[in-house]
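In what follows, a structure is listed as structure tokens, so that the remarks can point back to it.
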DNA sequence: AAATAATGACTGACTGGTCAGTCATAGTGG
DNA sequence: CCACTATGACTGACCAGTCAGTCATTATTT
């Protein structure tokens, strides 16, 4: 916690043993007619969605839970029925949005695709599944605020990043063995992702001064990396 | 405005009895012997340096000016003699640290260096002038907090980024004209910087799980980009 | 050169406003 | 009918920014 003194006072008397319904229900408006379970899941999603909006525009510290509640169409106290505290809400948000990426990327790594097709897939995956979705904002949040949440960074590294890196690395090794990409690349999968991250940062800070064609930049980069070379 | 009943303009005598003790305990960053002008400059620098530390570790919002003051060996009020407010302190910090980079990079762009030497210089410049200095922290701050300071982002874009990009771009164009680098690269100078930025982010979030050899990654990347290719 | 006055840099207790988290009370689905 | 869900006014911590007061340094007078 950022200010440990604040919440230490009251002992936590959380009795709920209920398993969290982590199923990805659609974040539609919550019809009054729906069953409790459905409404509950809807509420949770609405809160997460509202939190993403507020955290994205104001930053974690400056975001007000009152605003999150209003945006979610819920009272502030309700948030505390679904999340232990603000920090926990933040962590759940990141967790819920980024975990699903892993499977997609691992699948991409396992398919044995010809190099040009692969390059294309990587670019498209990034643009369509990240850059053009709210995942872009979540990753921006992770970049901006992650440093102050070491537990979250650790979770993210173990559950998401390490697995993605490992998948990309083995893919690069196989390609390198066939002589399709240079050896050195497999050691630094970060290099492949780098322009994507830069694009995310750029879009938040400088887009209005100098727009950036993300797809084209990614394509240029990947093609440069994967281009056939003269023998050394 | 409602005033507390006894409040007049009555000056209330409350000179601190602990004053002498406090002054004795204060770590004197600036020797009391120095002239006013010297001490003043020293104070400003001490405040900026302390602010960088506090902003870096807690983030802009969470950083307390009380802590900045303590770290600088100064009273809180003193900060307001040198900076209008917290935001202005932040802006001055970024401005003071990053503006000097421009000249260095423009000089690099103007020297007509052989490609392998140039690659080396770029990597070394980044590692020595940014990554191994506190500029790394300032850039991390810019990335993390810049979005909430549009004015600052604009200043930074105009005064720093645009000029760097322009220098790098013209350098790349000349190299492309000689056939030394691929044409596409000049359109996206961001690609060259990307791994450097990723390294800065990585070092803040994941270094403790998986250390990253920045120099080697940068070198790998630049060499891949600049490598001789088969004719297309 | 010493005494005295003027200056303005510096201090830190205090204020006003903010907001995370609580809990007494009010619904409502099963 | 009551356990579960939801509410929102409230509280206590917290902190940026203020300003009346202090005192070291510099300027002026004797």
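Residue numbers (the numbering used here), protein chains in the order written: chain A, -17 to 214; chain B, -17 to 214. Cβ atoms here follow ideal geometry from the backbone N, Cα and C, with glycine treated the same way.
**Prompt:** How far does the alpha helix (DSSP H) with residue 202 (chain A) in it reach, from first residue to last?
**Reply:** 196 to 208
**Asked** Thinking C-alpha only, which one of B:196, B:179 and B:143 is nearest residue 85 (chain B)?
**Response** B:143
**Range of the contiguous alpha helix (DSSP H) that encloses residue 103 (chain A)** = 97 to 108
**Request:** State the CB to CB distance for the pair residue 139 (chain B) and residue 188 (chain A), rounded to an integer number of angstroms; the pair is presumed to be in contact (CB under 8 Å).
**Result:** 5 Å
**Asked** Which residues share a DSSP beta bridge with residue 211 (chain B)?
**Response** A:211
**Asked** Taking just the CA atoms, how far does residue 167 (chain B) sit from residue 203 (chain A)?
**Response** 8 Å
**Inter-residue spacing [alpha-carbon to alpha-carbon] between residue 27 (chain B) and residue 163 (chain B)** = 43 Å
**Prompt:** Beta-carbon of residue 193 (chain B) versus every beta-carbon of chain A: anything under 9 Å?
**Reply:** no
**Request:** May I ask you to report which of helix, strand or coil DSSP gives residue 45 (chain B)?
**Result:** coil
**Message:** Once the 5 residues before and after residue 45 (chain A) are set aside, which same chain residues still bring their CB inside 6 Å of it?
**Reply:** 36 and 37
**Request:** Assign residue 196 (chain B) to buried or exposed, taking buried as 16 or more other Cβ atoms, counted over all protein chains shown, within 10 Å of its Cβ.
**Result:** buried
**Item:** Of the listed residues B:123, B:114 and B:103, nearest to residue 87 (chain B) (C-alpha basis)
**Value:** B:103
**Asked** Buried or exposed: which applies to residue 65 (chain B), given that a residue is buried once 16 or more other Cβ atoms fall within 10 Å of its Cβ?
**Response** buried
**Whole-Å CB distance - residue 33 (chain A) paired with residue 75 (chain A), under 8 Å assumed** = 6 Å
**Item:** Exposure of residue 127 (chain B), with buried meaning 16 or more beta-carbon neighbours within 10 Å
**Value:** buried
**Asked** Does the beta carbon of residue 125 (chain A) come closer than 9 Å to any beta carbon on chain B?
**Response** yes
**Asked** Taking DSSP as the reference, what is the three-state secondary structure of residue 141 (chain A)?
**Response** helix
**Request:** Could you tell me the boundaries of the alpha helix (DSSP H) in which residue 72 (chain B) lies?
**Result:** 68 to 92
**Asked** What's the call for residue 191 (chain B), buried or exposed, on a 16-neighbour Cβ count within 10 Å?
**Response** exposed
**Item:** Residue burial classification, residue 112 (chain B) (beta-carbon count within 10 angstroms, cutoff 16)
**Value:** buried
**Message:** Is the separation between the beta-carbon of residue 175 (chain A) and that of residue 90 (chain A) shorter than 9 Å?
**Reply:** no
**Item:** Segment limits, alpha helix (DSSP H) that includes residue 127 (chain A)
**Value:** 117 to 127
**Message:** Closest to residue 200 (chain A) by C-alpha separation, out of A:131, A:147 and A:107, would be which residue?
**Reply:** A:107
**Asked** With a CB to CB cut of under 6 Å and the five nearest residues on each side skipped, what residues in its chain are close to residue 50 (chain B)?
**Response** 32, 33 and 36
**Request:** Would you please state the rounded distance, in angstroms, between the beta carbons of residue 154 (chain B) and residue 207 (chain A)? I believe it to be under 8 Å.
**Result:** Actually they are not in contact, since the Cβ atoms of residue 154 (chain B) and residue 207 (chain A) sit about 16 Å apart, beyond 8 Å.
**As assigned by DSSP and simplified to three states, the class of residue 56 (chain A)** = coil
**Message:** Quick check: the Cα distance between residue 81 (chain B) and residue 137 (chain B), rounded to an integer number of angstroms?
**Reply:** 10 Å
**Prompt:** Do you know offhand how far residue 78 (chain A)'s Cα is from residue 99 (chain B)'s?
**Reply:** 46 Å
**For residue 223 (chain B), the three-state DSSP class (helix, strand or coil)** = A question about residue 223 (chain B) goes unanswered here, because the residues of chain B that appear run from -17 up to 214.
**Request:** Please name the residues in the segment 68 to 82 of chain A whose beta-carbon is closer than 8 Å to at least one beta-carbon of chain B, in chain order.
**Result:** none
**Request:** Quick one: using the 10 Å Cβ neighbour count with 16 as the cut-off for buried, is residue 160 (chain B) buried or exposed?
**Result:** exposed
**Message:** Looking only at its chain, what residues have a beta carbon closer than 6 Å to the beta carbon of residue 14 (chain B), apart from the 5 residues adjacent to it on each side?
**Reply:** In this predicted model, residue 14 (chain B) has a pLDDT of only 46, less than 50, meaning its place in the structure is not dependable; the value taken from the coordinates is given anyway. Correct list: empty, nothing qualifies.
**Request:** Kindly indicate the opening and closing residues of the alpha helix (DSSP H) around residue 178 (chain B).
**Result:** 172 to 187
**Asked** Checking contacts by CB at 9 Å: is residue 117 (chain B) closer than that to chain A?
**Response** no
**Asked** How many angstroms separate the CA atom of residue 124 (chain B) from the CA atom of residue 135 (chain B)?
**Response** 8 Å
**Prompt:** Just to confirm, are residue 183 (chain A) and residue 122 (chain A) a CB contact at a threshold of 9 Å?
**Reply:** yes
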